[in-house]
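**Q** Below: one structure in structure tokens.
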Amino acid sequence: MPMTCRHKYTKSYLDSNYIRIMSYNILAACYTDSMFENEYEYCKYEFLNFNYRKPLLLHEIPNYNCDIVFLQECDADFVLNDLNACMCDFKCLFLEKSRLTNEGEAILIRNNKLKFIKSFDINFAEKFKTFDDLKFLRDLLNKDQLSLICDKGNILQVALTEFIEMPGYFLLLANTHLYSHQSGHFVRLIQAIISAKYLEELKRILLNDKLTKKVNIIFAGDFNSAPNSTTIKYILNGKIEIDDLDLKNMTEEEINIFEKAKSQLSHSTKFISYDDTSSTNFGCEFEGVLDYLFYEDEILEMTRTIPFPSIEKIRENVAIPNQYRRFEIDIF
Numbered sequence: 001m002p003m004t005c006r007h008k009y010t011k012s013y014l015d016s017n018y019i020r021i022m023s024y025n026i027l028a029a030c031y032t033d034s035m036f037e038n039e040y041e042y043c044k045y046e047f048l049n050f051n052y053r054k055p056l057l058l059h060e061i062p063n064y065n066c067d068i069v070f071l072q073e074c075d076a077d078f079v080l081n082d083l084n085a086c087m088c089d090f091k092c093l094f095l096e097k098s099r100l101t102n103e104g105e106a107i108l109i110r111n112n113k114l115k116f117i118k119s120f121d122i123n124f125a126e127k128f129k130t131f132d133d134l135k136f137l138r139d140l141l142n143k144d145q146l147s148l149i150c151d152k153g154n155i156l157q158v159a160l161t162e163f164i165e166m167p168g169y170f171l172l173l174a175n176t177h178l179y180s181h182q183s184g185h186f187v188r189l190i191q192a193i194i195s196a197k198y199l200e201e202l203k204r205i206l207l208n209d210k211l212t213k214k215v216n217i218i219f220a221g222d223f224n225s226a227p228n229s230t231t232i233k234y235i236l237n238g239k240i241e242i243d244d245l246d247l248k249n250m251t252e253e254e255i256n257i258f259e260k261a262k263s264q265l266s267h268s269t270k271f272i273s274y275d276d277t278s279s280t281n282f283g284c285e286f287e288g289v290l291d292y293l294f295y296e297d298e299i300l301e302m303t304r305t306i307p308f309p310s311i312e313k314i315r316e317n318v319a320i321p322n323q324y325r326r327f328e329i330d331i332f
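Numbering of the sequence shown is given in UniProt numbering, commencing with residue 1 and proceeding in unit increments.
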């Protein structure tokens, strides 16, 4: 199986000076029925069924020997019961999306490398209604635009951790799965703005504590956004440039909103992203990067990555998902 080839690179945990991180959208069971006849018709349903995929995932994920695992499109039972039993030396955190979905996100933290301190999870819709930093933007939106933002169930899962061997050095771990609709560029950009501004605020509060020496943010997940999108450029550049706006994908009214609000929307976090990945999503009609792992380099430096399977190997089974696996991002 393809995963076995990658496990050759992760036969053991890294020593105390290194952390291994993985972000993985495992494809929620609740979507396989609704998407089978259209998006996944090339794959037999028996291989999409979660009862088939679950033992594969329970073999695959633990054998990467990660210190931090970010998961998207998972359910509580799988994380808190199945994975927790396989990865008993991890703190398993799960947060379910709202708006009648049966899936959510998870962060798994290896206990002997990092100490879990506290969760700071938010629902984007609820946070947007009350976030003082975004009042100026909120006031520019009309009723329909507010409804568009506030009827989504997307979430930002945030966990504060401290290095066991370096007291006072913290990692703020953030995990998300942005709005997935193909025409949702406006929504995704606002969700990214909420994320960046909120994480910036949390870090500022933490640094005010005299016991805090350093705080670095790791921001991972499925962003449903291409590298040249305004959403990703905003996260990396810390500001909205009008030239970056997806002119073909936003209305003139939406663009005008960001033109008026751009000076209020900047963030100061200096995110870095591994940018040598050709694709993280291999579908029948789309192949490209939608998943990211952003990090700050004050106390972190990327040293290596697990090699991706070849495109030829993936295409042997048409696309992903297939009878072997879905795909994952794995950053060291």
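Note that beta-carbon positions come from the ideal geometry of N, C-alpha and C, so glycine has one too. Values in this document were obtained by computation on a predicted structure and should not be read as measured data.
Would you say the beta carbon of I68 comes nearer than 7 Å to a heavy atom of the ligand COA?
**A** Among the components of this structure there are no ligands whatsoever, and the ligand COA is therefore not found.
**Q** Establish whether the CB of E296 and some CB of chain D are separated by less than 8 Å.
**A** Absent from the structure: chain D. Only one protein chain is present.
**Q** Spatial neighbours of I299 within its chain, please: CB distance less than 7 Å, with the 5 preceding and 5 following residues excluded, ordered by chain position.
**A** Here residue 299 is taken as the residue at index 299 of the sequence shown, counted from 1. Excluding residues within five positions, the ones whose Cβ falls inside 7 Å are Y169, K214, N216.
**Q** In whole angstroms, what separates the C-alpha of F36 from that of V289?
**A** For this step, residue 36 is matched to residue 36 along the sequence shown. For this step, residue 289 is matched to residue 289 along the sequence shown. Unreliable placement is indicated for F36, whose pLDDT of 44 sits below 50; the coordinate value is still reported in the next sentence. Approximately 22 Å, taken between the alpha carbons.
**Q** Roughly how many angstroms lie between the CA atoms of N112 and I190, to the nearest whole one?
**A** Counting from 1 along the sequence shown, the entry for residue 112 is found at position 112. Counting from 1 along the sequence shown, the entry for residue 190 is found at position 190. Approximately 36 Å between the Cα atoms of the pair.
**Q** Going by the beta-carbon positions, is the gap between M22 and F70 smaller than 8 Å?
**A** Translated into positions along the sequence shown, residue 22 becomes position 22. Translated into positions along the sequence shown, residue 70 becomes position 70. Yes; because the gap between Cβ atoms is below 8 Å, this pair is in contact.
**Q** So, does the region 221-239 touch the region 160-168, judging by three or more C-beta pairs under 8 Å?
**A** At 8 Å Cβ cutoff, the stretches do not touch.
**Q** So, under 8 Å CB-CB, E73 and E103 are touching, yes? Tell me the CB distance rounded to an integer number of Å.
**A** On the sequence shown, residue 73 is found 73 positions in, with the first residue counted as 1. On the sequence shown, residue 103 is found 103 positions in, with the first residue counted as 1. Indeed they touch by this definition, with Cβ atoms about 5 Å apart.
**Q** Count the other C-beta atoms from every protein chain shown that fall within 10 angstroms of the C-beta of C5, then say buried if there are 16 or more, exposed otherwise.
**A** By 1-based counting over the sequence shown, the position of residue 5 is 5. When all chains shown are included, C5 counts as exposed.
**Q** Looking only at its own chain, which residues have a Cβ that is under 6 Å from the Cβ of S16, when we skip the five neighbours before and after it?
**A** Counted from its first residue, the sequence shown places residue 16 at position 16. E165, listed in sequence order.
**Q** Spatial neighbours of L171 within its chain, please: C-beta separation below 7 Å, excluding the five flanking residues on both sides.
**A** Position 171 of the sequence shown, counted from the start, is the residue given in the question as residue 171. If we look at L171 and ignore the five residues flanking it on each side, its Cβ neighbours are L114, T161, N216, I218.
**Q** Could you pull the DSSP bridge partners for Y234 from this structure?
**A** Counting from one through the sequence shown, the residue named residue 234 turns up at place 234. Y234 pairs with nothing; no bridge assigned.
**Q** Using a Cβ-Cβ cutoff of less than 6 Å, which residues in the same chain neighbour N25 once the five nearest sequence positions on both sides are dropped?
**A** Residue 25 sits at position 25 when you count from the first residue of the sequence shown. Closer than 6 Å at Cβ, skipping near neighbours: Q72, E73, D222.
**Q** So, at 8 Å on beta carbons, what are the nonlocal neighbours of K129 in its own chain, with the 5 sequence-adjacent residues on each side left out?
**A** Here the question's residue 129 lines up with position 129 in the sequence shown. Cβ within range, chain order: R138, C150.
**Q** Between L265 and the rest of its own chain, which residues show a CB-CB distance below 6 Å, the 5 nearest in sequence each way excluded?
**A** Residue 265 sits at position 265 when you count from the first residue of the sequence shown. Counting only Cβ-Cβ distances below 6 Å, and skipping sequence neighbours, we find I193, I240.
**Q** Give me, in chain order, the residues of the same chain whose beta-carbon lies closer than 6 Å to that of T10; leave out the 5 immediate sequence neighbours on both sides.
**A** By one-based count along the sequence shown, residue 10 stands at place 10. Correct list, in chain order: Y64, N65.
**Q** Look at the alpha carbon of D246 and the alpha carbon of L48, and state the distance between them as a whole number of angstroms.
**A** By 1-based counting over the sequence shown, the position of residue 246 is 246. By 1-based counting over the sequence shown, the position of residue 48 is 48. For D246 and L48, the distance between alpha carbons rounds to 34 Å.
**Q** If you scan the region 160-219 from start to end, which runs of the alpha helix (DSSP H) of 4 or more residues do you find wholly inside it?
**A** Counting only runs of 4 or more, we get 185-207.
**Q** Spatial neighbours of F120 within its chain, please: C-beta separation below 7 Å, excluding the five flanking residues on both sides.
**A** Counted from its first residue, the sequence shown places residue 120 at position 120. Answer for F120: V158, L160, L202, listed in chain order.
**Q** By the three-class DSSP mapping on this structure, what secondary structure does L141 have?
**A** Taking the sequence shown and counting its residues from 1, the one referred to as residue 141 is at position 141. The answer is coil: DSSP assigns L141 none of H, G, I, E or B.
**Q** Taking 8 Å as the cut-off, decide whether the C-beta atoms of F131 and K152 are in contact.
**A** Position 131 of the sequence shown, counted from the first residue, corresponds to residue 131. Position 152 of the sequence shown, counted from the first residue, corresponds to residue 152. No, the pair does not count as a contact, with Cβ atoms beyond the cut-off.
**Q** Starting from the C-beta of H267, find all residues in its chain whose C-beta is less than 7 Å away, skip the five residues before and the five after it, and write them out in chain order.
**A** Along the sequence shown, one-based indexing puts residue 267 at 267. Within the same chain, H267 has close Cβ partners A196, K197, E200, G238.
**Q** With DSSP run on the structure shown, which of helix, strand or coil describes F94?
**A** The sequence position of residue 94 within the sequence shown is 94, counting from 1. Strand, per DSSP.
**Q** Just the C-alpha distance for C86 and Y45, rounded to the nearest angstrom, thanks.
**A** One-based indexing of the sequence shown puts residue 86 at position 86. One-based indexing of the sequence shown puts residue 45 at position 45. C86 and Y45: Cα-Cα distance of roughly 26 Å.
**Q** Residues in its own chain within less than 8 Å of Y179 by CB, not counting five upstream and five downstream?
**A** Here the question's residue 179 lines up with position 179 in the sequence shown. Taken in chain order, the residues that qualify are K152, N154, V187, R188, Q191, N224.
**Q** Exposed or buried, what is R99 when buried is set at 16 or more other beta-carbons lying within 10 Å of its beta-carbon?
**A** Here residue 99 corresponds to residue number 99 of the sequence shown, with the count starting at 1. It counts as exposed.
**Q** What is the rounded straight-line gap between the Cα of E60 and the Cα of E296?
**A** What you label residue 60 is simply residue 60 of the sequence shown in a count that begins at 1. What you label residue 296 is simply residue 296 of the sequence shown in a count that begins at 1. Whole-angstrom Cα-Cα distance: 28 Å.
**Q** Go to I255, then tell me how far its alpha helix (DSSP H) extends in each direction, as first and last residue.
**A** Here residue 255 is taken as the residue at index 255 of the sequence shown, counted from 1. Counting along the chain, the alpha helix (DSSP H) containing I255 begins and ends at 252-261.
**Q** Considering only the beta carbon of each residue, do F271 and F308 sit closer than 8 Å?
**A** Start at 1 with the first residue of the sequence shown, and residue 271 comes out as number 271. Start at 1 with the first residue of the sequence shown, and residue 308 comes out as number 308. Result no, Cβ atoms of F271 and F308 do not sit closer than 8 Å.
**Q** Tell me the rounded alpha-carbon separation between T251 and Q145.
**A** Walking along the sequence shown from the start, residue 251 turns up at place 251. Walking along the sequence shown from the start, residue 145 turns up at place 145. Cα-Cα distance, rounded: 12 Å.
**Q** Mapping DSSP to helix, strand and coil, what is F131?
**A** In the sequence shown, the residue the question calls residue 131 occupies position 131. Three-state result, F131: coil.
**Q** Near I255, what residues of its chain come up, given a Cβ to Cβ distance below 6 Å and the 5 sequence neighbours on each side ignored?
**A** Here residue 255 refers to the residue found at position 255 of the sequence shown. Excluding sequence neighbours, I255 sits near L245.
**Q** What residue from A220, H7, E287 has the CA that sits closest to A174's CA?
**A** Residue 174 sits at position 174 when you count from the first residue of the sequence shown. Of A220, H7, E287, the residue nearest in Cα terms is A220.
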